[in-house]
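Undergrad: My questions all concern the structure below.
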Amino acid sequence: MAKQKPEGSLPVILDWFKRRGRTPFPFQHETWSAYLAGESGLVHASTGTGKTYAAWLGPLLEWIAENPDESRWTSLNPPPLRVLWITPLRALAADTEDALRAPLNDLGIPWELESRTGDTSATIRNKQRKRLPTALITTPESLSLLLTRADAADLFRDLRAVIVDEWHELAASKRGVQTELALARLRHWRPGLRTWGLSATLGNLETALAILLGTNQSGRLIQANVPKPLKVESIIPPTMERFPWAGHLGTKLLPEVIQRIDSGNTALVFTNTRAQAELWYQALLEARPDWAGIIALHHSSLERATRDWVEQGLRDGRLHCVVCTSSLDLGVDFTPVDSVIQVGSPKGVARLLQRAGRSGHQPGAESKITCVPTHAFELIEVAAARDAIRAGNIESRLPFERPLDVLVQHAVTVALGGGFRSDELRAEVRTTYAYRDLLDDEWAWVLDFITRGGEALRNYPEYARVAVQGDKYIVTDTQIARRHRMSIGTIVSDASLRVQYLKGGSLGHVEESFVARLRPGDKFIFAGKIVEFVRLREMVVWVRRATGKTGIVPRWGGSRMSFSTELAAAVRTRLDQARLGLFEGSEMQAVQPILELQARWSKIPAPDELLIERAKTRDGYHLFFYPFEGRLVHEGLAALFAYRIGQLVPISFNLAVSDYGFELLSPDPAPLEDAIEAGLFSTQHLLHDIPASLNASEMSRRQFREIARIAGLVFQGYPGSHKTTKQLQASSGLLYDVFARYDPGNLLLGQSQREVIERQLERSRLGHALERFSTGIVTMIDVPRVTPFAFPLWVEGFRDTISFEKLSDRVKKMQLQLERAADTKTRTRK
2 MAKQKPEGSL PVILDWFKRR GRTPFPFQHE TWSAYLAGES GLVHASTGTG
52 KTYAAWLGPL LEWIAENPDE SRWTSLNPPP LRVLWITPLR ALAADTEDAL
102 RAPLNDLGIP WELESRTGDT SATIRNKQRK RLPTALITTP ESLSLLLTRA
152 DAADLFRDLR AVIVDEWHEL AASKRGVQTE LALARLRHWR PGLRTWGLSA
202 TLGNLETALA ILLGTNQSGR LIQANVPKPL KVESIIPPTM ERFPWAGHLG
252 TKLLPEVIQR IDSGNTALVF TNTRAQAELW YQALLEARPD WAGIIALHHS
302 SLERATRDWV EQGLRDGRLH CVVCTSSLDL GVDFTPVDSV IQVGSPKGVA
352 RLLQRAGRSG HQPGAESKIT CVPTHAFELI EVAAARDAIR AGNIESRLPF
402 ERPLDVLVQH AVTVALGGGF RSDELRAEVR TTYAYRDLLD DEWAWVLDFI
452 TRGGEALRNY PEYARVAVQG DKYIVTDTQI ARRHRMSIGT IVSDASLRVQ
502 YLKGGSLGHV EESFVARLRP GDKFIFAGKI VEFVRLREMV VWVRRATGKT
552 GIVPRWGGSR MSFSTELAAA VRTRLDQARL GLFEGSEMQA VQPILELQAR
602 WSKIPAPDEL LIERAKTRDG YHLFFYPFEG RLVHEGLAAL FAYRIGQLVP
652 ISFNLAVSDY GFELLSPDPA PLEDAIEAGL FSTQHLLHDI PASLNASEMS
702 RRQFREIARI AGLVFQGYPG SHKTTKQLQA SSGLLYDVFA RYDPGNLLLG
752 QSQREVIERQ LERSRLGHAL ERFSTGIVTM IDVPRVTPFA FPLWVEGFRD
802 TISFEKLSDR VKKMQLQLER AADTKTRTRK
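Put into structure tokens, the structure is as follows:
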């Protein structure tokens, strides 16, 4: 039978939708048509509206058109690899596989569908060494591993489509750059390759499309116009303190949260940190012991088997509640979940949308999220986030520009996967968005670095990883090849240690820095259990079950959040409304007494105004600044201002920061007016002043550890013999010192400094804030006491110096004093 036009196979798919009680959306039809026309593109749609089938069914329609005789399908052999599906999380692979397999099974299409991630069994891996399936679900790291095979070009000779899921999570990361480079390699072999990205909750869509497709390919941006009802609400504390401080609510709203959980079948309770998830899980289970077995905990440090059990329990509807972190933010289709609870501010509009989308995760269903404040001012953030959602102000993702550590790794990967010629690979790399402006000098440095180790390491053979044979660059050393394959990837974190019962199974992983503080007999909470530390031996934390209800909670790195530019702007707008006496919505009405007291004792700043409060207490002289720009920007501003003031007079400061402002505390009055006159808010000399103010050289040294690992300079060790954090730090620190002394022009040194200033300190955003101060209004007010805005900063200044119990006592005493002053003022005014 002759092949039919691809569009002629559409009735088969439409009938499949009909049998499932569904009708395809227009954006799905548009995506299928674009795919069949040979186009690439990006599909942007809300969570749960059908992005997966928009991308997946195009390749199926194409195959059906090529094989129109359904009666012969059962006798056909599975085609070779045609579709590559890239997912950012290997935890999503199983759920993605289930979704993709449904039309294959229902229609009887003889395709092989498999996953290849770090969790794939040795049996399947061995099978895939001989032949890849028709459709392969994989991660960026596993795809790069496939590129190291000598027969890599032959593996992908029949590849027609690459689909990158959750592109918004990859696009602004080094994993995204790794994906860009891998896609360029595939396009080199398959010039007609179609590339489709799937994305939700993203602001800069045109940029995201450009990153996905590179410089040599144009594509289509398809946006779904599928109404997705969304309801954002808050639990309002029954009593509202006028002097709140970060975290003071803790689990005080536990009864209200339990009531919300009980009102539905299944709930997800999102927290922003793993430590917070452990605490809330314990609190919920202690309050409702009858939930044992139907409440669970999920975060990325738990054992894979535990997380799989939780995810399956959600699918089956067996679990009533799961306390989780961002580990459940993405892609998994949990239809039974009918409510989502967010503990604390989500700190970003996109994150709130993403988590809300976990409920009603199907077309037409309402998504609902209930926010639980851990700080009274977080209610303002909820109201502001709701405003930003209505206005469509979603965060953009900042792409990486020419990260040479990733390029070094990729060059070794390609040299291992059959080798390359310099000019050819340079041209290929320049087709990516990240390296579109790659300089010839930078490329020459990369080649020198992988073949000789650069200027400083040329006398050490182990750093000469790539050999030059004729005009071709290849890897000839089997040990180097093995080490490189084990080190592929850009995810770098502190060394983690397995937590293991003396008699029993494994619980998960904690970071070495936490375990270093433990002594035998110490109790800590992990995986929702109270355990007692016994000993640390051979990278394993041995524990036994413990009794009691209290214990310390591990703190993992990477958990600090700062609210986004979009949320910061929305917060300033809400505060401006309060300044004008407008308190719309339950959240703003709840904080009205706090804001009115702030206005009475000081003021609420306008959006173009920087408020500075000066106060004298027994602790010293306080300067409180309120830019409302987010914690990371405030860290940079606090250090910068302290440095610039210190250039005028000898003075020392203690710094405290929050998302709303920062404090400079000194034993003597600071010459603030003189500093402003001398250019305190100037954007000039930032590249000098920021590093000088923050000891950026030490920060660059720490950042260099990540870069050194990605670039292959530091090897984490073979299985069972991983290096400790101290060993890795020592290795990377030694290399940093060697480069700084003997090879100061080393491009990886410059990269570490840029990443610290732009990524960690957000120099661009900091510069915009300074421009706002310079062109706006600066208001300085001398206040006789700490104001409601200043109070959380005052508390933050002591958080790391005294125990929580002593801190609580001191805070309560100060609160009573301030409340009495507020009441006295109120009576006097009356």
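Each residue of the sequence shown is one higher than the one before, starting from 2 at the first, in the working numbering.
For each residue, glycine too, the CB sits at the ideal point set by N, CA and C.
1. Which same chain residues, not among the five before or five after Met113, have their C-beta less than 8 Å away from its C-beta?
2. Return the residue from the list Arg632, Arg391, Cys372 and Leu681 that minimises the CA-CA distance to Gly647.
3. Quick one: residues in its chain with C-beta nearer than 7 Å to the C-beta of Asp577, no 5 flanking neighbours on either side, listed in chain order?
4. Buried or exposed for Leu817, going by 16 or more other Cβ atoms inside 10 Å?
5. For the segment 462 to 474 and the segment 389 to 396, state whether three or more C-beta atom pairs, one from each stretch, are separated by less than 8 Å.
6. What's the call for Lys232, buried or exposed, on a 16-neighbour Cβ count within 10 Å?
7. Do the CB positions of Ala547 and Ile531 come within less than 7 Å of each other?
8. In whole angstroms, what separates the C-alpha of Ala679 from that of Leu673?
9. Please go through the same chain and pick out, in chain order, the residues whose beta-carbon is closer than 7 Å to the beta-carbon of Gly734, but skip the five residues on each side of it.
10. Which residues in the same chain as Phe564 place their Cβ atom closer than 8 Å to its Cβ, once the five residues preceding and following it in sequence are excluded?
11. Less than 7 Å between C-beta atoms, sequence neighbours within five positions excluded: which residues of the same chain meet that for Lys831?
12. Give the straight-line distance between the Cα atoms of Glu142 and Ser488, rounded to the nearest whole angstrom.
13. What residues in its chain sit with their C-beta under 7 Å from that of Ala823, if we drop five residues either side in the sequence?
14. Any idea what DSSP makes of Ile237, helix, strand or coil?
15. Could you work out which residue in Gly621, Val634 and Pro628 is closest to Asn655 when comparing CA atoms only?
16. Figure out for me which residue from Ile778, Leu448, Tyr436 and Ser765 has the closest Cα to the Cα of Gly215.
17. Answer with buried or exposed for Gly358, where buried requires no fewer than 16 other C-beta atoms within 10 angstroms of its C-beta.
18. Using only the alpha-carbon positions, how far apart do Phe642 and Pro89 sit?
19. For the alpha helix (DSSP H) containing Glu142, list its first residue and its last residue.
20. Quick check: the Cα distance between Val258 and Leu280, rounded to an integer number of angstroms?
21. Where does Gly22 sit, in a helix, a strand or coil, going by DSSP?
22. For the segment 370 to 389 against the segment 55 to 75, do three or more pairs of beta-carbon atoms, one drawn from each stretch, fall closer than 8 Å, so that the two count as touching?
23. Give the C-beta separation of Val1 and Thr272 to the nearest angstrom, bearing in mind that I take them to be a contact with Cβ-Cβ under 8 Å.
24. CA-CA distance, Leu157 and Pro745?
25. Closest to Leu353 by CA distance: which of Thr780, Gly505, Ala384 and Gly777 is it?
26. CB-CB under 8 Å to Ala676, same chain, minus the five flanking residues each way: which ones, in chain order?
27. What does the alpha-carbon distance come out to for the pair Leu152 and Ala528?
28. Return yes when the Cβ of Glu312 is within less than 7 Å of the Cβ of Ser507, no when it is not.
29. Please find out if some non-hydrogen atom of the ligand MG comes closer than 6 Å to the beta-carbon of Arg102.
30. With DSSP collapsed to three states, give me the class of Leu714.
31. Going along the chain, which residues of its own chain have a beta-carbon closer than 8 Å to the beta-carbon of Tyr461, five neighbours each way excluded?
32. State the start and end residues of the unbroken alpha helix (DSSP H) segment that holds Phe271.
33. Grab the span of the beta strand (DSSP E) containing Met562 for me, first residue to last.
34. Within a Cβ cutoff of 7 Å, which residues of the same chain sit near Gly204, ignoring the five residues on either side of it in sequence?
35. To the nearest angstrom, how far is it from the Cα of Ile138 to the Cα of Glu115?
36. Leu638 and Leu665 - do their beta-carbons sit closer together than 7 Å?
TA: A quick look at the data gives this:
1. By 1-based counting over the sequence shown, the position of residue 113 is 112. This sequence places Glu at residue 113; Met is not what is there. Pro79, Pro134, Thr135 and Ala136, listed in sequence order.
2. The residue you call residue 647 lines up with position 646 of the sequence shown. Considering only alpha carbons, the answer is Leu681.
3. Looking up residue 577 in the sequence shown gives position 576. For Asp577, where only same-chain residues beyond five positions count, the Cβ hits under 7 Å are Ala607 and Pro608.
4. The residue labelled residue 817 in the question sits at position 816 within the sequence shown. Per the 10 Å Cβ criterion, exposed.
5. no
6. Working through the sequence shown from its first residue, we reach residue 232 at position 231. So Lys232 ends up on the exposed side.
7. As a working mapping, residue 547 is identified with position 546 in the sequence shown. As a working mapping, residue 531 is identified with position 530 in the sequence shown. Result yes, Cβ atoms of Ala547 and Ile531 sit closer than 7 Å.
8. Here residue 679 refers to the residue found at position 678 of the sequence shown. Here residue 673 refers to the residue found at position 672 of the sequence shown. Straight-line Cα distance between these residues: approximately 10 Å.
9. Within the sequence shown, residue 734 is the residue found at index 733, counting from 1. Hits under 7 Å: Arg702.
10. Position 563 of the sequence shown, counted from the start, is the residue given in the question as residue 564. Counting only Cβ-Cβ distances below 8 Å, and skipping sequence neighbours, we find Ser346, Lys348, Gly349, Glu382, Val572, Gly631, Arg632 and Asp660.
11. As a first step, residue 831 is located in the sequence shown; it is residue number 830 there, counting from the start. Because the pLDDT of Lys831 is 47, which lies under 50, any placement of that residue in the model is unreliable, and the number read from its coordinates should be weighed accordingly. For Lys831, where only same-chain residues beyond five positions count, there are no Cβ hits under 7 Å.
12. Within the sequence shown, numbered from 1, the residue matching residue 142 stands at position 141. Within the sequence shown, numbered from 1, the residue matching residue 488 stands at position 487. Answer to the nearest angstrom: the Cα atoms are 10 Å apart.
13. By one-based count along the sequence shown, residue 823 stands at place 822. Around Ala823: Arg243 and Leu598.
14. The residue given as residue 237 occupies position 236 in the sequence shown. Ile237: coil per DSSP, three-state reduction.
15. Looking up residue 655 in the sequence shown gives position 654. The shortest C-alpha separation from Asn655 is found at Gly621.
16. On the sequence shown, position 214 is the one that residue 215 refers to. Checked all of Ile778, Leu448, Tyr436 and Ser765; the closest Cα to Gly215 is Tyr436.
17. Along the sequence shown, one-based indexing puts residue 358 at 357. Burial call: buried.
18. Here residue 642 refers to the residue found at position 641 of the sequence shown. Here residue 89 refers to the residue found at position 88 of the sequence shown. Their Cα atoms are separated by approximately 39 Å.
19. Taking the first residue of the sequence shown as position 1, residue 142 is located at position 141. Glu142 -> alpha helix (DSSP H) spans Pro141 to Leu148.
20. Sequence index remark: in the sequence shown, residue 258 carries index 257 (1-based). Sequence index remark: in the sequence shown, residue 280 carries index 279 (1-based). Distance between the alpha carbons of Val258 and Leu280: 14 Å.
21. Here residue 22 corresponds to residue number 21 of the sequence shown, with the count starting at 1. Note: Gly22 maps to coil in three-state DSSP.
22. no
23. As displayed, the chain neither begins before 2 nor continues past 831, which places residue 1 out of reach and without an answer.
24. Taking the first residue of the sequence shown as 1, we reach residue 157 at position 156. Taking the first residue of the sequence shown as 1, we reach residue 745 at position 744. Inspection of the sequence shows that residue 157 is occupied by Phe rather than by Leu. Cα-Cα distance, rounded: 41 Å.
25. Reading the sequence shown from its first residue, position 352 is the one you call residue 353. Nearest of Thr780, Gly505, Ala384 and Gly777 to Leu353, Cα basis: Ala384.
26. Residue mapping note: residue 676 aligns to position 675 of the sequence shown, counting from 1. Around Ala676: Phe642, Arg645, Ile646 and Leu649.
27. As a working mapping, residue 152 is identified with position 151 in the sequence shown. As a working mapping, residue 528 is identified with position 527 in the sequence shown. First, the amino acid is wrong: residue 152 is Asp here, not Leu. If I take the Cα positions, the gap works out to 43 Å.
28. To locate residue 507, count along the sequence shown from 1; it is residue 506. To locate residue 312, count along the sequence shown from 1; it is residue 311. Cβ distance not < 7 Å, so Ser507 and Glu312 don't count as in contact.
29. Absence of the ligand MG from the depicted structure is noted, as is the absence of any ligand whatsoever, leaving it without description.
30. In the sequence shown, counting from the first residue as 1, residue 714 sits at position 713. Of the three classes helix, strand and coil, the one that applies to Leu714 here is coil, per DSSP.
31. Sequence index remark: in the sequence shown, residue 461 carries index 460 (1-based). If we look at Tyr461 and ignore the five residues flanking it on each side, its Cβ neighbours are Gly454.
32. Stepping through the sequence shown from its first residue, residue 271 is reached at position 270. Element bounds for Phe271: not the alpha helix (DSSP H) but the beta strand (DSSP E), Ala268 to Phe271.
33. For the purposes of this step, residue 562 is taken as the residue at position 561 of the sequence shown. Premise fails: Met562 is in no beta strand (DSSP E) and is neither H nor E.
34. On the sequence shown, position 203 is the one that residue 204 refers to. The answer, listed in chain order, is Ile395, Glu396 and Ser397.
35. Translated into the one-based positions of the sequence shown, residue 138 becomes position 137. Translated into the one-based positions of the sequence shown, residue 115 becomes position 114. Taking the straight line from one Cα to the other gives about 6 Å.
36. Residue 665 sits at position 664 when you count from the first residue of the sequence shown. Residue 638 sits at position 637 when you count from the first residue of the sequence shown. No.
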